[in-house]
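Numbering (our numbering), first residue to last: 3 to 270. Backbone N, C-alpha and C fix where the C-beta goes; we use that ideal spot for every residue, glycine too. Notes follow once the structure below has been shown.
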Amino acid sequence: MAMDQVHAAELAVLVAADLGRFVPADAPLQLALLGAHVDPVELLRPGWPLHSTLAELAVRAPGARDGARVIAFGCHDRKLPEPLTPDADLVGGPLRLLPWVLSGPREVIAPVAEHLEAQLLETGMAGAATALYAQQRFAAKVEHARYLTLHDLVAMMALQYEHANLAELWPLIEAALFEPDAERVIDAAPEPLLRMADGQVRMAMLDIDAWADAGLAPEHTTPEQLAGNYAAFCMRQRQFEALLGAHRITVEPIPCRVGTDPREVLRR
Numbered sequence: 003m004a005m006d007q008v009h010a011a012e013l014a015v016l017v018a019a020d021l022g023r024f025v026p027a028d029a030p031l032q033l034a035l036l037g038a039h040v041d042p043v044e045l046l047r048p049g050w051p052l053h054s055t056l057a058e059l060a061v062r063a064p065g066a067r068d069g070a071r072v073i074a075f076g077c078h079d080r081k082l083p084e085p086l087t088p089d090a091d092l093v094g095g096p097l098r099l100l101p102w103v104l105s106g107p108r109e110v111i112a113p114v115a116e117h118l119e120a121q122l123l124e125t126g127m128a129g130a131a132t133a134l135y136a137q138q139r140f141a142a143k144v145e146h147a148r149y150l151t152l153h154d155l156v157a158m159m160a161l162q163y164e165h166a167n168l169a170e171l172w173p174l175i176e177a178a179l180f181e182p183d184a185e186r187v188i189d190a191a192p193e194p195l196l197r198m199a200d201g202q203v204r205m206a207m208l209d210i211d212a213w214a215d216a217g218l219a220p221e222h223t224t225p226e227q228l229a230g231n232y233a234a235f236c237m238r239q240r241q242f243e244a245l246l247g248a249h250r251i252t253v254e255p256i257p258c259r260v261g262t263d264p265r266e267v268l269r270r
């Protein structure tokens, strides 16, 4: 999942050349690239920790800082700095990403960022040399390589969650990324009942009687279907909790008893 420092630096030069199509040649910008591929959820976490770490390490990197420069981070003794190490539990997905950060003076980076947001998704195919180099060094087949902004990635993941029948969950994840202090509620039976406020997510935990009493069973559920539908509800809760956990969004389970309104309990 990661290449050594020498090869990461060579890849960064190729990436810089590709991005040069969108950036003024004389712009005093800094490109920082991680020579490792990660799962999308590793980039989409509150506070953007991977990108923030990459940017912080780039600031501390030696060398002249009054002009354009390219900085790469690769393995040393087969290890990356801990905050940049890909999650070994999130391998095997069809989409893998190489994190990069473009930074510079606000008056320079602002119009560049606007241009990238407008053009990168449609015209940001990686160069053939870049894609081939990544394929060789990662020993992985690269079928399609292109550049994305974080906003592009967020939009792409929203569609993926919708196609995976997880459309109800995505607005909460997006709020955790962009508006961590906002309030979001998932209250759409038969989905789990969740509330996010002040950067915390709480999930109503109910036994079968409390679940039925709260009106969270699917419509027209018969007594014979009750146990099976409740088991499906519990499985869905575990799925939501696992997905939120992958995004580093902590879920606090809140026990809710028969006779109480779980929506009110989550507000306390």
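Ranking Pro51, Pro101, Ala244 by CA distance to the CA of Val17 puts Pro101 first. Going by DSSP, Gln32 is part of the beta strand (DSSP E) stretching over 32 to 36. Residue pairing for Ser105: DSSP places it in a beta bridge opposite Gln32. Cβ atoms of Gln32 and Gly106 come within 8 Å of each other, at about 6 Å.
No Cβ-Cβ contact shorter than 9 Å links Ile175 with Leu92.
Assigned with DSSP and collapsed to three states, Pro257 falls in strand. Linking Leu13 to Met205 through their CA atoms gives a straight-line distance of about 43 Å. When Cβ pairs closer than 8 Å are counted between the two stretches, the segment 232 to 239 is seen not to touch the segment 166 to 181, the count staying below three.
Looking at the DSSP output, Lys81 shares a beta bridge with His78.
As the crow flies, the alpha-carbon of Phe242 is around 10 Å from that of Trp172.
Beta-carbon to beta-carbon, Leu99 and Leu35 are separated by about 12 Å, too far to satisfy the 8 Å threshold.
Judged by beta-carbon spacing, Ala212 lies within the 9 Å limit of Thr262, meaning their Cβ atoms are closer than that value. Excluding sequence positions up to five before and after Gly69, its CB lies within less than 6 Å of the CB of Pro30, all in the same chain and listed in chain order.
Put simply, the segment 73 to 83 does not touch the segment 118 to 131. Fewer than three CB pairs are less than 8 Å apart.
Nearest to Asp209 by C-alpha distance, out of Thr223, Ala229, Thr224, Arg197, is Ala229. Between the alpha carbons of Arg250 and Ala219 lies a distance of about 29 Å.
Residue state for Ala14 is assigned as helix, using DSSP reduced to three classes. Exclusion of the five residues before and after Val267 leaves Ala206, Ile256, Cys258 as the residues of its chain whose Cβ lies within less than 8 Å of its Cβ.
For Ala57, the CB contacts under 8 Å within the same chain, skipping 5 residues up- and downstream, are Ala34, Val103, Ser105 in chain order. Unbroken alpha helix (DSSP H) stretches of 4 residues or longer found wholly inside the segment 106 to 179: 108 to 125, 130 to 140, 152 to 165, given in chain order. Going by DSSP, Ile251 is part of no alpha helix (DSSP H) at all; its letter is neither H nor E.
Secondary structure at Arg71: strand, using DSSP grouped into helix, strand and coil.
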